[in-house]
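*Asks:* This is the structure I want to talk about, given as structure tokens.
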């Protein structure tokens with residue numbers, strides 16, 4: 339798996355040794371449920387998530403260079419993996435989250451921009467999708483900062499938590515990314 343870097347971040351594969359740090363941030367009920375997944379219940383639960391969910395290709399631990407601690411996640415989901423957008427061949431859905439102490443610092447847009455660059459330049463993808471549930475304004479803002487454009491809304495979508503939600507989808511094509519002005 340690739341190791342990606344930005345000014346403040348290292349994006350690398352999740353390691354089993356990251357379970358404690360993952361639990362530290364993923365246990366907070368302000369993080370997972372708004373994105374559709376349950377808070378982690380223990381370090382062992384986080385370890386299992388690393389082994390089963392976060393071990394997929396192109397799923398990156400968002401690691402602060404200053405501390406070498408993983409504080410979030412950013413990754414690509416393809417048609418053959420878990421995703422919510424209608425992903426076609428040569429497309430992917432991007433997903434992300436970050437621990438509450440790091441909200442509002444621009445770290446996830448920074449991580450997403452690097453994963454987007456990787457998706458278009460290295461993986462030669464044609465388009466990226468992103469979704470957010472109604473009310474998740476922080477996720478919507480990340481997508482706006484990364485030049486995603488509103489595509490459509492789906493109502494009464496069953497989230498991984500089993501409840502019904504409204505989900506908004508945005509899209510970024512390689513052509514749009516190449517012509518960006520940021």
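In my numbering, the protein residues as written are 339 to 520. C-beta: ideal position from N, C-alpha, C; glycine also. If you're wondering where the values come from, they're calculated on a predicted model, not measured in any experiment.
Can you tell me which of 468, 451, 413 and 480 puts its alpha carbon nearest to the alpha carbon of residue 441?
*Replies:* In the chain shown, counting from the first residue as 1, residue 441 sits at position 103. Nearest C-alpha to residue 441: 480.
*Asks:* Hey, how far is the Cα of residue 319 from the Cα of residue 384?
*Replies:* With the chain running from 339 to 520 in the structure shown, residue 319 is simply not present.
*Asks:* For the region 387-399 against the region 343-355, are there 3 or more C-beta pairs whose distance is under 8 Å?
*Replies:* Output reads yes: the region 343-355 touches the region 387-399.
*Asks:* How is the beta strand (DSSP E) around residue 410 delimited, first residue to last?
*Replies:* Residue mapping note: residue 410 aligns to position 72 of the chain shown, counting from 1. Residues 408-415.
*Asks:* Taking residue 468 as part of the beta strand (DSSP E), name the residues at either end of that continuous run.
*Replies:* Counting from one through the chain shown, the residue named residue 468 turns up at place 130. From DSSP, the beta strand (DSSP E) with residue 468 extends over 465-471.
*Asks:* Along the chain, where does the beta strand (DSSP E) that runs through residue 374 open and close?
*Replies:* Sequence index remark: in the chain shown, residue 374 carries index 36 (1-based). Premise fails: residue 374 is in no beta strand (DSSP E) and is neither H nor E.
*Asks:* Taking 8 Å as the cut-off, does the region 447-455 touch the region 495-507 (at least 3 CB pairs, one atom from each stretch)?
*Replies:* Touching, no, given that fewer than three Cβ pairs across the two stretches are closer than 8 Å.
*Asks:* By a C-beta neighbour count over all protein chains shown, 10 Å radius and 16 as the cutoff for buried, is residue 488 buried or exposed?
*Replies:* Residue mapping note: residue 488 aligns to position 150 of the chain shown, counting from 1. Answer is exposed; the Cβ neighbour count stays below 16.
*Asks:* Would you mind sorting residue 376 into buried or exposed? The rule is 16 or more other CB atoms within 10 Å of its CB.
*Replies:* Counting from one through the chain shown, the residue named residue 376 turns up at place 38. Exposed, because fewer than 16 other Cβ atoms sit within 10 Å of the Cβ of residue 376.
*Asks:* Pull up the DSSP beta-bridge partners for residue 351, would you.
*Replies:* The count along the chain shown starts at 1 and reaches residue 351 at position 13. Paired residues: 398.
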